[in-house]
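Engineer:
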Amino acid sequence: MSNVLDREMILDNKEDVELAKAAQRCIVSALDHSHAVNIAIMEDGVERVDDLPLLKLPPKVLRLFADMLGSLAQGKAVAIMPKELDVTTQEAAMFLNVSRPYLVRLLEEGKIPFHKVGTHRRIRFEDVVQYKEQRQKISQDALQRLADQAQELNMGY
5 MSNVLDREMI LDNKEDVELA KAAQRCIVSA LDHSHAVNIA IMEDGVERVD
55 DLPLLKLPPK VLRLFADMLG SLAQGKAVAI MPKELDVTTQ EAAMFLNVSR
105 PYLVRLLEEG KIPFHKVGTH RRIRFEDVVQ YKEQRQKISQ DALQRLADQA
155 QELNMGY
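Residues 5 to 161 (our numbering) are what the sequence shown spells out, left to right.
1) Please name the residue, chosen from 110, 26, 152 and 94, that lies closest to residue 73 on a Cα-to-Cα basis.
2) Nearest by alpha-carbon distance to residue 24: which of 87, 64, 82 and 57 is it?
3) Is residue 65 near the ligand HEM - that is, is its Cβ less than 7 angstroms away from at least one heavy atom of it?
4) On the DSSP bridge assignment, give the partners of residue 126 in chain order.
5) Is the distance from the Cβ of residue 132 to the Cβ of residue 91 below 8 angstroms?
6) What residues are listed by DSSP as bridge partners for residue 13?
7) Is the beta carbon of residue 111 closer than 8 angstroms to that of residue 126?
8) If you drop the 5 nearest sequence neighbours on each side, which residues of the same chain put their C-beta closer than 8 angstroms to that of residue 136?
9) So residue 64 is in the alpha helix (DSSP H); what residue range does that whole segment cover?
10) Once the 5 residues before and after residue 142 are set aside, which same chain residues still bring their CB inside 8 angstroms of it?
11) I think residue 61 touches residue 43, with their Cβ atoms under 8 angstroms apart; what is that distance to the nearest whole Å?
12) Mapping DSSP to helix, strand and coil, what is residue 107?
13) Is it the case that the Cβ atoms of residue 88 and residue 128 are separated by a distance below 8 angstroms?
14) Name the DSSP bridge partner or partners of residue 43?
15) Which class does residue 102 belong to by DSSP, given the choice of helix, strand or coil?
This is how it looks when you write it as structure tokens:
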């Protein structure tokens with residue numbers, strides 16, 4: 005995952021944040037109104053679009069760009085990585101925000117699938133993400149049950 009972390013992006017100055025916000029608005033507007041899939045890339049100072057090459061992009065890709073720009077404009081870090089990527093136990097533990105020994109225990113208990121490369125465990129990043137999403141859903145469901153119970157008991161929440 006170290007080569008992927010090199011692609012992590014965060015905007016750290018106000019001008020870049022404003023550019024990201026403007027670009028997101030343009031992309032979302034184009035998607036919402038015309039289902040546009042063409043984007044022209046212009047250099048500063050160029051005023052005509054006639055001779056510029058157009059990028060043809062699927063609407064899903066434009067939506068991804070808009071979502072990334074929105075996150076960046078909010079000061080959130082964004083990293084792009086293929087779902088098929090294999091990660092080490094340390095990288096998976098860092099993503100899940102747990103210790104490596106705890107992650108190894110999850111692997112050995114069969115809660116997250118893994119395979120071995122020589123003597124080293126490797127985990128598909130997609131499986132790590134799926135495990136994290138399952139844990140979040142369980143937590144959200146438990147919180148909702150507690151909130152429902154508090155409402156039933158008229159606890160003022």
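Even glycine gets a Cβ: it sits at the ideal position worked out from N, Cα and C.
Structural biologist: Reading off the structure:
1) That would be 26, whose Cα lies nearest to the Cα of residue 73.
2) Nearest option by C-alpha distance: 82.
3) The ligand HEM is not among the ligands present in this structure, which contains no ligands whatsoever.
4) DSSP, once it has assigned bridges, lists 119 as partnering residue 126.
5) Judged by beta-carbon spacing, residue 91 lies within the 8 angstroms limit of residue 132, meaning their Cβ atoms are closer than that value.
6) For residue 13, which the question treats as bridged, DSSP gives the partners 82.
7) No.
8) The beta carbon of residue 136 sits closer than 8 angstroms to the beta carbons of 99 and 100 from its chain, once the five residues preceding and following it are set aside; these are given in chain order.
9) Taken as a continuous stretch (DSSP letters only), the alpha helix (DSSP H) holding residue 64 covers 63-77.
10) In its chain, beyond the 5 residues on either side, no residue has a beta carbon closer than 8 angstroms to the beta carbon of residue 142.
11) By a beta-carbon distance limit of 8 angstroms, residue 61 contacts residue 43. Their separation comes to about 6 angstroms.
12) Correct three-state label for residue 107: helix.
13) Taking a C-beta distance under 8 angstroms as the contact criterion, residue 88 and residue 128 qualify as a contact pair.
14) According to DSSP, which records beta bridges pairwise, residue 43 is partnered with 59.
15) Correct three-state label for residue 102: coil.
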